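The structure appears below as structure tokens.
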Amino acid sequence: MKTKIRSLIIVAVLVNVSACSTIKNLFPDKEKDYQFTTEIPPLIMPPDLAGDSIASVPAAAPAAEATDVAPAVPPTETAPTVDRKLTQVELVDAGEGTKRLRIGAPSTTAWRMVGKALSRKSIEVTNRNQDEGRFDVQYDPNKKEVEDGSVWDEVIFFFKGFEVTEQEYVLKLVENNRQTDVVILDKEQKPVADETSLSLLTLLHDTIKADLAK
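Residues 29 to 242, numbered by our numbering, are exactly what the sequence shown covers, in order.
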């Protein structure tokens, strides 16, 4: 009996030792490994990141400060100034019995002078084209303005107003050597040499000279 008990104890001890060995294998002791572990080697930086390479990168150029100052614009060419007091205005012969009005100024200035004179004398302008230097007008040399307060003149104007006595003309401005000629043409673009056209040129001449004298 004692022999059986002793055998059981020996078997139990062996089983216990085997179990402990198995457990140690499952959960190894790392303390010894830590004792023999060397220090972690230093971090090796790539050549392009080593040293002060990052600091040596040039900084971005500062953005231009916004200002309210507009960029400089080259001055545009302006029309030459004309001395009004010295501007010559005269009627000259154009050949074949025709006349023309000569203004001693460039066409841009003469255009304003003629347009102003037509407006002052209430001459009807049916068409104007500055690019072509052309005024289409209707002109009656016998047309008179109605006097204020005159009933009889108003009656005459009422009946004569229905009479078509105005004639159509074309005023053509031609620039030549910094002076401008005003030529009167008919609807067929031919020079006119009648009394009515001469009366119109004379009216423009007197009106422009009076305006320049102011």
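Even glycine gets a Cβ: it sits at the ideal position worked out from N, Cα and C.
Note that this is a predicted model, so its numbers are computed, not measured.
For Pro99, collect the residues of the same chain with a Cβ closer than 6 Å to its Cβ; drop the 5 residues on either side in sequence, then sort them by chain order.
-> On the sequence shown, position 71 is the one that residue 99 refers to. Unreliable placement is indicated for Pro99, whose pLDDT of 48 sits below 50; the coordinate value is still reported in the next sentence. Result list for Pro99: empty, nothing under 6 Å.
C-alpha gap between Thr208 and Met141, whole angstroms = Here the question's residue 208 lines up with position 180 in the sequence shown. Here the question's residue 141 lines up with position 113 in the sequence shown. Computed Cα separation, rounded: 11 Å.
Would Tyr197 pass as a contact of Val165 if the rule is Cβ separation under 8 Å?
-> For the purposes of this step, residue 197 is taken as residue 169 along the sequence shown, with counting starting at 1. For the purposes of this step, residue 165 is taken as residue 137 along the sequence shown, with counting starting at 1. Yes; because the gap between Cβ atoms is below 8 Å, this pair is in contact.
Between the C-alpha atoms of Pro223 and Thr230, what's the straight-line distance to the nearest angstrom?
-> Walking along the sequence shown from the start, residue 223 turns up at place 195. Walking along the sequence shown from the start, residue 230 turns up at place 202. The amino acid at residue 223 is misidentified as Pro; the sequence shows Glu. C-alpha separation (whole angstroms): 10 Å.
Where Ile212 and Thr137 are concerned, what is the direct C-alpha to C-alpha distance, given to the nearest angstrom?
-> Within the sequence shown, numbered from 1, the residue matching residue 212 stands at position 184. Within the sequence shown, numbered from 1, the residue matching residue 137 stands at position 109. Going by the C-alpha atoms only, they are around 19 Å apart.
If you drop the 5 nearest sequence neighbours on each side, which residues of the same chain put their C-beta closer than 7 Å to that of Ser225?
-> Taking the sequence shown and counting its residues from 1, the one referred to as residue 225 is at position 197. Excluding sequence neighbours, Ser225 sits near Tyr197 and Ile212.
Reduced DSSP category for Gly143 - H, G, I as helix; E, B as strand; rest coil = Translated into the one-based positions of the sequence shown, residue 143 becomes position 115. Shown here, Gly143 sits in a helix according to DSSP, grouped into three states.
Cβ-based neighbour list, Gln158, same chain, cut-off 7 Å, excluding 5 preceding and 5 following = Residue mapping note: residue 158 aligns to position 130 of the sequence shown, counting from 1. Hits under 7 Å: Trp139.
Hey, Arg128 and Val117: beta-carbon distance below 8 Å or not?
-> Taking the sequence shown and counting its residues from 1, the one referred to as residue 128 is at position 100. Taking the sequence shown and counting its residues from 1, the one referred to as residue 117 is at position 89. No; because the gap between Cβ atoms is not below 8 Å, this pair is not in contact.
Note the first and the last residue of the continuous beta strand (DSSP E) segment covering Thr208.
-> Taking the first residue of the sequence shown as position 1, residue 208 is located at position 180. Run containing Thr208: Gln207 to Leu213, per the beta strand (DSSP E) assignment.
Answer yes or no: do Leu232 and Thr115 have a C-beta to C-beta separation smaller than 8 Å?
-> Within the sequence shown, residue 232 is the residue found at index 204, counting from 1. Within the sequence shown, residue 115 is the residue found at index 87, counting from 1. Note that the C-beta distance between Leu232 and Thr115 is not below 8 Å.
Whose C-alpha, out of Leu201, Thr193 and Ser150, is nearest the C-alpha of Asp168?
-> Along the sequence shown, read from residue 1 onward, the residue named residue 168 stands at position 140. Nearest C-alpha to Asp168: Thr193.
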